[in-house]
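**Student:** Quick note, the sequences are listed as chains R and E, same order.
Going by this note's numbering, the first sequence opens with residue 1, and the numbers climb by one from there.
Going by this note's numbering, the second sequence opens with residue 353, and the numbers climb by one from there.
Supplied in structure tokens, the structure appears directly below.
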Amino acid sequence: MASVTYDHVVKRYTADVTVVKDFNVQIADKEFMVLVGPSGCGKSTALRMLAGLESITEGQIRIGDRVVNNVAAKDRDIAMVFQSYALYPHMSVYDNMAFPLQMQHMPKNDIDKRVKNASRILGLDNFLKRKPRALSGGQRQRVALGRAIVRSPKVFLLDEPLSNLDAKLRGQTRIELQKLHRDLQTTFIYVTHDQVEAMTMGDRIAIMNAGILQQVGTPGDIYDHPANLFVAGFIGSPTMNFVPVTTSDSTAKASGFEVKLPKSVPAGKGTLGFRPETVTDRIVDPASTIDMKVDVVERLGSDQFLYGQVGGDSVTARVDPKLKVEPGDMVHLGLDTRTLHLFDAESEAALL
Amino acid sequence: MSVAAAARTESTAAFGSMQWISQRLGTIVLHVVVIGLTLAWVVPTAGLIISSFRPFANIATSGWWAALSPPYAFTLDNYNQLFEQSNLGTAIFNSFMVSVPSTVIPVTIAAFAAYAFAWMKFPARDWIFLAFVGLLAVPLQLTFIPVLKFYVEHGITIENLTALNLPPWVGLWLAHAGYGLPFSTYLLANFFRALPSDLFESAEIDGAGTLTVFFRIILPLSVPALASLVIFQFLWVWNDLLVALIYVGGSPEVAPLTVNLAGLTNSLGQGYQLLTAAAFFSMIVPLVVFLSLQRYFVRGILAGSVKG
Numbered sequence: 001m002a003s004v005t006y007d008h009v010v011k012r013y014t015a016d017v018t019v020v021k022d023f024n025v026q027i028a029d030k031e032f033m034v035l036v037g038p039s040g041c042g043k044s045t046a047l048r049m050l051a052g053l054e055s056i057t058e059g060q061i062r063i064g065d066r067v068v069n070n071v072a073a074k075d076r077d078i079a080m081v082f083q084s085y086a087l088y089p090h091m092s093v094y095d096n097m098a099f100p101l102q103m104q105h106m107p108k109n110d111i112d113k114r115v116k117n118a119s120r121i122l123g124l125d126n127f128l129k130r131k132p133r134a135l136s137g138g139q140r141q142r143v144a145l146g147r148a149i150v151r152s153p154k155v156f157l158l159d160e161p162l163s164n165l166d167a168k169l170r171g172q173t174r175i176e177l178q179k180l181h182r183d184l185q186t187t188f189i190y191v192t193h194d195q196v197e198a199m200t201m202g203d204r205i206a207i208m209n210a211g212i213l214q215q216v217g218t219p220g221d222i223y224d225h226p227a228n229l230f231v232a233g234f235i236g237s238p239t240m241n242f243v244p245v246t247t248s249d250s251t252a253k254a255s256g257f258e259v260k261l262p263k264s265v266p267a268g269k270g271t272l273g274f275r276p277e278t279v280t281d282r283i284v285d286p287a288s289t290i291d292m293k294v295d296v297v298e299r300l301g302s303d304q305f306l307y308g309q310v311g312g313d314s315v316t317a318r319v320d321p322k323l324k325v326e327p328g329d330m331v332h333l334g335l336d337t338r339t340l341h342l343f344d345a346e347s348e349a350a351l352l
Numbered sequence: 353m354s355v356a357a358a359a360r361t362e363s364t365a366a367f368g369s370m371q372w373i374s375q376r377l378g379t380i381v382l383h384v385v386v387i388g389l390t391l392a393w394v395v396p397t398a399g400l401i402i403s404s405f406r407p408f409a410n411i412a413t414s415g416w417w418a419a420l421s422p423p424y425a426f427t428l429d430n431y432n433q434l435f436e437q438s439n440l441g442t443a444i445f446n447s448f449m450v451s452v453p454s455t456v457i458p459v460t461i462a463a464f465a466a467y468a469f470a471w472m473k474f475p476a477r478d479w480i481f482l483a484f485v486g487l488l489a490v491p492l493q494l495t496f497i498p499v500l501k502f503y504v505e506h507g508i509t510i511e512n513l514t515a516l517n518l519p520p521w522v523g524l525w526l527a528h529a530g531y532g533l534p535f536s537t538y539l540l541a542n543f544f545r546a547l548p549s550d551l552f553e554s555a556e557i558d559g560a561g562t563l564t565v566f567f568r569i570i571l572p573l574s575v576p577a578l579a580s581l582v583i584f585q586f587l588w589v590w591n592d593l594l595v596a597l598i599y600v601g602g603s604p605e606v607a608p609l610t611v612n613l614a615g616l617t618n619s620l621g622q623g624y625q626l627l628t629a630a631a632f633f634s635m636i637v638p639l640v641v642f643l644s645l646q647r648y649f650v651r652g653i654l655a656g657s658v659k660g
């Protein structure tokens with residue numbers, strides 16, 4: 001168990017290809033930290049530098065108090081679960097899990113105890129003699145987890161471990177992973193491109209884009225107070241509505257409506273952001289309403305999403321599933337102004 | 353395997369449709385080709401084996417298929433004569449003594465070299481690999497004089513080796529190893545490169561060193577490639593006449609079967625009934641090697657390692 005610190009870490013492949021830029025994160029002991037971002041954002045590289053699979057161009061990575069820049073992967077006391085699972089295909093499940101312990105020259109009895117223990121936790125007791133090819137995707141994934149667990153490492157690294165599972169199994173495994181994290185009481189660092197996984201599993205989330213860390217915070221914090229346009233658009237589904245506006249004092253004027261902002265902002269151009277759930281058929285404040293021409297209706301049973309035009313801008317609304325709406329209808333909707341976001345047109349940073 | 357694949361495609365189209373007919377046709381063509389190839393290989397082989405059991409008088413007057421109808425006349429004369437006239441036992445023994453080390457040595461060296469070329473980082477790696485593979489294009493006849501000269505200067509001659517109580521084939525082993533290395537290394541390096549890199553990274557984190565990765569992960573996963581390489585190299589050495597003739601041809605007591613075979617028949621073609629029996633011996637060994645290793649060709653040993 002240990003904390004992990006990224007201290008001004010840079011990864012550069014050639015002079016003009018920098019995949020991780022000045023990365024600073026402190027991950028506390030026993031924390032479940034999720035690194036999330038679109039593909040190619042540098043999240044996997046950040047993880048692989050911690051694992052010791054990639055060299056660190058600049059800066060320091062510390063596990064606990066130890067600088068690990070020049071420590072070999074095997075001596076960092078970490079375990080990694082790969083997206084592809086990377087099971088040794090010619091070894092049985094038992095041997096796959098025993099392999100890292102054999103490498104440490106652990107006595108056979110201890111290896112046996114640990115493997116049996118891990119397989120009990122993961123429900124793999126009946127599969128110990130099988131080869132990976134005779135297992136389902138979910139079972140293989142558990143073997144990969146087991147191979148990490150047996151080592152009782154200081155830090156668990158997980159690189160998109162759920163992306164090869166089908167949707168239902170992914171949901172289950174998400175819950176199992178959280179239980180596992182609670183039981184093991186170890187630091188978890190989890191890389192994913194899926195914002196749902198990030199929101200549901202992380203104690204904290206670190207969002208990256210184009211090699212740059214955008215924001216670190218708890219899921220609630222990031223959802224409610226995105227630091228910039230990218231974070232606001234990345235987290236949440238359906239995506240937040242973005243409408244170009246002209247601001248003056250404390251009003252924002254869009255092409256089809258005008259809202260009063262909770263506080264005054266400098267006059268100029270900006271992007272107004274509001275989540276679909278703030279646009280509803282319940283009109284609280286008659287002063288802030290919008291008229292939307294509906295293009296597409298999505299009924300999910302528990303929710304109903306309307307996609308349409310307000311003035312010249314696209315807007316998504318979440319309305320009562322019982323509400324009867326057809327494409328082409330004009331609907332009068334209320335806009336909850338308590339959770340509005342405003343982003344600078346130039347820097348895209350949050351102003352509100 | 354191809355038959356199963358064909359059967360699977362059959363079911364995709366409706367009975368009697370154009371697609372069904374064309375698939376059906378494809379299956380039939382495939383079967384005809386496979387059966388044709390099999391026959392083209394089996395018939396002469398059967399002919400040779402049957403001929404080897406026929407009396408010389410019959411071989412000279414009628415085709416081998418005549419032996420399949422009465423009156424039956426089979427004999428072991430050819431084999432008896434062969435064993436009397438030539439040192440067949442020694443020759444077969446020599447062939448093994450040449451072929452086995454000449455297969456094991458280059459395949460072993462090539463496996464280590466290929467691992468380095470495929471997965472280790474060192475300066476000019478790709479250039480060295482390229483130069484190495486470029487040796488494939490060098491005709492081996494070019495090497496006879498320099499290699500022989502080297503052998504004589506450094507005492508790697510049959511007389512010397514025997515005097516030193518070493519196997520007399522050492523020179524031949526080294527020559528075959530050298531001729532086999534470029535191709536072996538090339539084939540294995542390509543195979544190793546195709547192994548998923550996740551496996552190596554995972555092993556690295558698990559604490560496996562370079563040699564452990566080689567012996568415990570790469571070699572077990574490369575059995576199909578190694579098996580095919582062993583077959584290739586063994587067949588090439590077993591059937592080789594030229595190289596054996598150059599390096600040990602002057603000493604019948606160490607020469608392999610091919611050299612012995614070549615000496616059986618004279619320039620007028622006399623004694624070719626003996627060839628049928630001798631050819632049987634030289635054929636049966638590669639056949640056994642191939643049949644015993646061929647299952648590794650088709651085994652998809654990588655299934656289940658990556659991806660769910």
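Don't be surprised by glycine CBs; every beta carbon is placed ideally from N, CA and C.
How would you write the range of the alpha helix (DSSP H) that Lys108 (chain R) sits in, first residue to last?
**Tutor:** Counting from 1 along the first sequence, the entry for residue 108 (chain R) is found at position 108. Segment 108 to 122, the alpha helix (DSSP H) holding Lys108 (chain R).
**Student:** Going straight from the alpha carbon of Trp372 (chain E) to that of Val384 (chain E), what length do you get?
**Tutor:** Stepping through the second sequence from its first residue, residue 372 (chain E) is reached at position 20. Stepping through the second sequence from its first residue, residue 384 (chain E) is reached at position 32. Each residue's alpha carbon lies about 18 Å from the other.
**Student:** Mind checking if Pro100 (chain R) is an interface residue toward chain E, Cβ cutoff 8 Å exclusive?
**Tutor:** Here residue 100 (chain R) corresponds to residue number 100 of the first sequence, with the count starting at 1. It does; some Cβ of chain E falls within 8 Å.
**Student:** Along the chain, which unbroken stretches of the beta strand (DSSP E) at least 3 residues long are found entirely within the stretch 177 to 221 of chain R?
**Tutor:** Counting whole runs of 3 or more residues, the stretch 177 to 221 of chain R contains the beta strand (DSSP E) stretches 187 to 192, 204 to 209, 212 to 217.
**Student:** Comparing the C-beta of Pro572 (chain E) with each C-beta of chain R, is any distance below 8 Å?
**Tutor:** Taking the first residue of the second sequence as 1, we reach residue 572 (chain E) at position 220. Judged by the 8 Å Cβ criterion, Pro572 (chain E) is in contact with chain R.
**Student:** Let me see if you follow: with CB-CB separation under 8 Å, is Asp478 (chain E) close to chain R or not?
**Tutor:** Stepping through the second sequence from its first residue, residue 478 (chain E) is reached at position 126. Closer than 8 Å: no.
**Student:** Tell me the DSSP secondary structure of Gly270 (chain R) in three-state form.
**Tutor:** Mapped onto the first sequence, residue 270 (chain R) falls at position 270. Strand at Gly270 (chain R).
**Student:** What did DSSP end up calling His528 (chain E) once you bin it into helix, strand or coil?
**Tutor:** Your numbering for residue 528 (chain E) matches position 176 in the second sequence. DSSP places His528 (chain E) in helix when its eight states are reduced to three.
**Student:** What does Ala560 (chain E) reach in chain R if we use C-beta pairs closer than 7 Å?
**Tutor:** Counting from 1 along the second sequence, the entry for residue 560 (chain E) is found at position 208. Correct list: Met103.
**Student:** Should Val575 (chain E) and Tyr467 (chain E) be called a contact, given that it needs their Cβ atoms to be closer than 8 Å?
**Tutor:** For this step, residue 575 (chain E) is matched to residue 223 along the second sequence. For this step, residue 467 (chain E) is matched to residue 115 along the second sequence. No, these two residues do not count as a Cβ contact at 8 Å.
**Student:** For Gly308 (chain R), report the span of its beta strand (DSSP E) as first-last.
**Tutor:** Taking the first residue of the first sequence as position 1, residue 308 (chain R) is located at position 308. Note, Gly308 (chain R): beta strand (DSSP E), 304 to 310.
**Student:** Which residue from R:Asn164, R:Thr337, R:Gly256 puts its Cα closest to that of Pro286 (chain R)?
**Tutor:** Mapped onto the first sequence, residue 286 (chain R) falls at position 286. Cα-wise, what sits closest to Pro286 (chain R) is R:Thr337.
**Student:** Please tell me whether Ala541 (chain E) and Phe481 (chain E) are closer than 8 Å, where the distance is taken between their beta carbons.
**Tutor:** By one-based count along the second sequence, residue 541 (chain E) stands at place 189. By one-based count along the second sequence, residue 481 (chain E) stands at place 129. Yes.
**Student:** Would you mind working out which of E:Arg477, E:Ala476, E:Leu627 sits nearest Pro407 (chain E), comparing C-alpha positions?
**Tutor:** By 1-based counting over the second sequence, the position of residue 407 (chain E) is 55. Taking only the C-alpha atoms, the option nearest Pro407 (chain E) is E:Leu627.
**Student:** Under 8 Å: do the stretch 139 to 151 of chain R and the stretch 88 to 97 of chain R share three or more Cβ pairs, one atom per stretch?
**Tutor:** Judged by Cβ distances under 8 Å, the stretch 139 to 151 of chain R makes contact with the stretch 88 to 97 of chain R, as three or more pairs qualify.
**Student:** Please name the residue in E:Val611, E:Gly602, E:Leu613, E:Val589 whose C-alpha comes closest to that of Val641 (chain E).
**Tutor:** By 1-based counting over the second sequence, the position of residue 641 (chain E) is 289. The shortest C-alpha separation from Val641 (chain E) is found at E:Val589.
**Student:** Which two residues bound the contiguous alpha helix (DSSP H) that contains Ile467 (chain E)?
**Tutor:** The residue labelled residue 467 (chain E) in the question sits at position 115 within the second sequence. It is Tyr, not Ile, that sits at residue 467 (chain E) in the sequence shown. Start and end: 440 to 471.
**Student:** Note the first and the last residue of the continuous beta strand (DSSP E) segment covering Ala317 (chain R).
**Tutor:** Within the first sequence, the letter at position 317 stands for residue 317 (chain R). Start and end: 313 to 319.
**Student:** Quick one: is Met240 (chain R) buried, meaning 16 or more other Cβ sit within 10 Å of its Cβ, or exposed?
**Tutor:** Taking the first residue of the first sequence as position 1, residue 240 (chain R) is located at position 240. Its Cβ being crowded by 16 or more others within 10 Å, Met240 (chain R) is buried.
**Student:** What are the residues of the stretch 417 to 436 of chain E that lie near chain R, defined by any Cβ-Cβ distance shorter than 7 Å?
**Tutor:** Going along the stretch 417 to 436 of chain E in chain order, one finds no residue with a Cβ nearer than 7 Å to chain R.
**Student:** Is it true that the stretch 32 to 51 of chain R meets the stretch 197 to 213 of chain R, where meeting means three or more beta-carbon pairs spaced less than 8 Å apart?
**Tutor:** With a cut-off of 8 Å, the stretch 197 to 213 of chain R and the stretch 32 to 51 of chain R count as touching, because enough Cβ pairs lie within range.
**Student:** Check whether the Cβ atoms of Val582 (chain E) and Leu597 (chain E) sit closer than 8 Å, and answer yes or no.
**Tutor:** In the second sequence, the residue the question calls residue 582 (chain E) occupies position 230. In the second sequence, the residue the question calls residue 597 (chain E) occupies position 245. Contact: no.
**Student:** Is the beta carbon of Leu435 (chain R) sitting closer than 8 Å to the one on Arg120 (chain R)?
**Tutor:** Any answer about residue 435 (chain R) is impossible in this case: the structure gives chain R only from 1 up to 352.
**Student:** So, is the C-beta of Leu551 (chain E) closer than 8 Å to a C-beta in chain R?
**Tutor:** In the second sequence, the residue the question calls residue 551 (chain E) occupies position 199. Answer yes: the Cβ-Cβ gap between Leu551 (chain E) and chain R drops below 8 Å somewhere.
**Student:** According to the Cβ coordinates, are Asp313 (chain R) and Val243 (chain R) closer than 8 Å?
**Tutor:** In the first sequence, counting from the first residue as 1, residue 313 (chain R) sits at position 313. In the first sequence, counting from the first residue as 1, residue 243 (chain R) sits at position 243. Going by C-beta atoms, Asp313 (chain R) is nearer than 8 Å to Val243 (chain R).
**Student:** One question on the structure: do Val25 (chain R) and Lys11 (chain R) come within less than 8 Å of each other, judged by their Cβ atoms?
**Tutor:** Residue mapping note: residue 25 (chain R) aligns to position 25 of the first sequence, counting from 1. Residue mapping note: residue 11 (chain R) aligns to position 11 of the first sequence, counting from 1. No, these two residues do not count as a Cβ contact at 8 Å.
**Student:** Anything in the stretch 46 to 67 of chain R with a Cβ closer than 9 Å to a Cβ of chain E? List those residues in chain order, please.
**Tutor:** Result list: Arg48, Ala51, Gly52, Leu53.
**Student:** Taking 8 Å as the CB-CB limit, is Phe82 (chain R) close to chain E?
**Tutor:** Mapped onto the first sequence, residue 82 (chain R) falls at position 82. Output row for Phe82 (chain R): interface = yes.
**Student:** For the alpha helix (DSSP H) that contains Thr498 (chain E), what are its first and last residues?
**Tutor:** Locating residue 498 (chain E) in the second sequence gives position 146, counting from the first residue. This sequence places Pro at residue 498 (chain E); Thr is not what is there. Looking at the DSSP string, the run of the alpha helix (DSSP H) that includes Pro498 (chain E) is 496 to 505.
**Student:** Mark Arg477 (chain E) as exposed unless 16 or more other C-beta atoms lie within 10 angstroms of its C-beta, in which case mark it buried.
**Tutor:** Here residue 477 (chain E) refers to the residue found at position 125 of the second sequence. By the neighbour-count rule (16 or more Cβ atoms within 10 Å), Arg477 (chain E) is not buried but exposed.
**Student:** Which residues in chain R sit within 7 Å of Ile569 (chain E), going by Cβ to Cβ distance?
**Tutor:** Reading the second sequence from its first residue, position 217 is the one you call residue 569 (chain E). Under the 7 Å cutoff, chain R gives Tyr88.
**Student:** Return no unless some Cβ of chain R is closer than 8 Å to the Cβ of Ser554 (chain E).
**Tutor:** Residue 554 (chain E) sits at position 202 when you count from the first residue of the second sequence. It does: the Cβ of Ser554 (chain E) has a partner Cβ on chain R nearer than 8 Å.
**Student:** Is there a Cβ from chain R that is less than 8 Å from the Cβ of Ile508 (chain E)?
**Tutor:** Translated into the one-based positions of the second sequence, residue 508 (chain E) becomes position 156. Chain R contact via Cβ: absent.
**Student:** Along chain E, which residues have their Cβ under 9 Å away from the Cβ of Ala210 (chain R)?
**Tutor:** For the purposes of this step, residue 210 (chain R) is identified with residue 210 of the first sequence, where counting begins at 1. Within 9 Å Cβ-Cβ: nothing; Ala210 (chain R) doesn't reach chain E, min ~25 Å.
**Student:** For Asp110 (chain R), which of R:Ser152, R:Leu124, R:Leu122 has the nearest alpha-carbon?
**Tutor:** Looking up residue 110 (chain R) in the first sequence gives position 110. Measuring from the Cα of Asp110 (chain R), the nearest candidate turns out to be R:Ser152.
**Student:** Return the Cβ separation of Val606 (chain E) and Pro520 (chain E) in integer angstroms, given the expectation that the two are a contact with Cβ distance under 8 Å.
**Tutor:** Within the second sequence, numbered from 1, the residue matching residue 606 (chain E) stands at position 254. Within the second sequence, numbered from 1, the residue matching residue 520 (chain E) stands at position 168. The pair is a contact, with the Cβ atoms about 5 Å apart (cut-off 8 Å).
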